[in-house]
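S.K.: Mind having a look at this structure? Questions to follow.
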Amino acid sequence: MIDLFSGLDAWVLVSLLLALAFVLTFEFINGFHDTANAVATVIYTKAMPPHLAVFFSGVFNFLGVLLGGVGVAYAIVHLLPVELLINVNTGHGLAMVFSLLAAAITWNLGTWYFGIPASSSHTLIGSILGVGLANALINGIPLADGVNWQKAIDIGASLVFSPLAGFIVAGLVLLALKWWRPLSKMHKTPDQRRKLDDKKHPPFWNRLVLVISAMAVSFVHGSNDGQKGIGLIM
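Following the working numbering, the numbering of the sequence shown begins with -9 at its first residue and continues without gaps.
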């Protein structure tokens, strides 16, 4: 491993280490920025204590990164044209990494600080596209050649349609449950359950489903968002 860095200039080595630190910082911020999406339901419904929910969410995010394959990582890499990735020199490539990560980190911290729900994926992909276009502009390359537009369109379509799919499926499931069990305890809010039944936790099966779904969301988040950092390191 050390031999890989033995032939590098000192400034290149420092830049590589800084780039790695930027990537890990982005992943760290992405973790506490997006973990709330996975654990909000189990904490609100009191299906799990907050500290346990966050801990197990972190564990399943990590497992998602390890077991989720590298398809998303390659998709991130291929947002930029292959010719650019092959021909760019080390210093130029590191400057691009610094730029896109600085933009993504700043935006994520800003939206987190002001409590604005925002997608880290949209932020990172937008930063990559911006860097690709700026690189083309600086080097006199046609803007159309600065980005792999076919891959950008594919990823953009998934970012547009995935919220719509989630909205439709979640709505249909809720309507089906309301129709199937209109008077079930599962429809009570935590406050209603505490006031009417003097119980602060949801029914056992509801609690089990909530916990499993939260951990599944954490695992998928790791296999998806966790790999974006891997793509940047690559």
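Heads up, the beta-carbon is just placed ideally off N, CA and C, and yes, glycines get one too.
Would you check whether the ligand MN has a heavy atom nearer than 7 Å to the C-beta of residue 24?
M.R.: With respect to the ligand MN, the structure shown offers nothing to examine, as it has no ligands at all.
S.K.: When you compare the CB positions of residue 54 and residue 216, do they come within less than 8 Å of one another, or not?
M.R.: It is a contact, given that the beta carbons lie within the stated cut-off.
S.K.: Within a Cβ cutoff of 7 Å, which residues of the same chain sit near residue 28, ignoring the five residues on either side of it in sequence?
M.R.: Taken in chain order, the residues that qualify are 47, 204, 207, 208, 211.
S.K.: Going by C-alpha distance, which of 69, 150, 4, 145 is nearest residue 90?
M.R.: Nearest C-alpha to residue 90: 69.
S.K.: Quick check: residue 222 and residue 32, are their CB atoms within less than 8 Å of each other?
M.R.: No.
S.K.: Are residue 220 and residue 98 close, meaning C-beta to C-beta below 8 Å?
M.R.: Against a cut-off of 8 Å, the Cβ pair of residue 98 and residue 220 comes out as no contact.
S.K.: Distance, Cα to Cα, residue 154 vs residue 141?
M.R.: Their Cα atoms are separated by approximately 20 Å.
S.K.: Counting along the chain, where does the alpha helix (DSSP H) carrying residue 58 start and finish?
M.R.: No alpha helix (DSSP H) contains residue 58, which DSSP labels as neither H nor E.
S.K.: Starting from residue 148 and walking both ways along the alpha helix (DSSP H), at which residues does that stretch end?
M.R.: Residue 148 -> alpha helix (DSSP H) spans 139 to 170.
S.K.: With H, G and I counted as helix, E and B as strand and the rest as coil, what does DSSP make of residue 218?
M.R.: Correct three-state label for residue 218: helix.
S.K.: So which of 124, 187, 175, 185 has the shortest CA-CA distance to residue 195?
M.R.: It is 175 whose Cα lies nearest to the Cα of residue 195.
S.K.: Cutting at 7 Å between CB atoms, please list the residues of its own chain near residue 16, excluding the five before and the five after it.
M.R.: The residues are 91, 94, 95, 219.
S.K.: Check this for me: beta carbons of residue 84 and residue 6, under 8 Å apart or not?
M.R.: Yes, these two residues count as a Cβ contact at 8 Å.
S.K.: Looking at the unbroken alpha helix (DSSP H) that takes in residue 122, where does it start and where does it end?
M.R.: First-last of the alpha helix (DSSP H) with residue 122: 110 to 128.
S.K.: Evaluate residue 8 with the Cβ neighbour count: other Cβ atoms within 10 Å of its Cβ, from every protein chain shown; 16 or more gives buried, anything less gives exposed.
M.R.: Counting Cβ neighbours within 10 Å, residue 8 comes out exposed, since fewer than 16 surround it.
S.K.: In or out: residue 163 buried (at least 16 other Cβ within 10 Å) or exposed?
M.R.: By the neighbour-count rule (16 or more Cβ atoms within 10 Å), residue 163 is not buried but exposed.
S.K.: Is DSSP giving residue 174 helix, strand or coil here?
M.R.: The answer is coil: DSSP assigns residue 174 none of H, G, I, E or B.
S.K.: Quick one: is residue 165 near chain C, going by C-beta distance under 8 Å?
M.R.: Of the chains in the structure shown, none is chain C; there is only one protein chain.
S.K.: Enumerate in chain order the residues of its own chain whose CB-to-CB distance from residue 180 is below 6 Å, with the five nearest sequence positions on each side excluded.
M.R.: Once the five neighbours on either side are set aside, the close Cβ partners of residue 180 are 35, 36.
S.K.: Should residue 122 be labelled buried (16 or more other beta-carbon atoms within 10 Å of its own) or exposed?
M.R.: So residue 122 counts as buried.
S.K.: Should residue 62 be labelled buried (16 or more other beta-carbon atoms within 10 Å of its own) or exposed?
M.R.: Looking at its Cβ environment, which holds 16 or more other Cβ atoms inside 10 Å, residue 62 is buried.
S.K.: Mapping the DSSP letters down to three states, classify residue 31 as helix, strand or coil.
M.R.: Residue 31 falls in the helix class under three-state DSSP.
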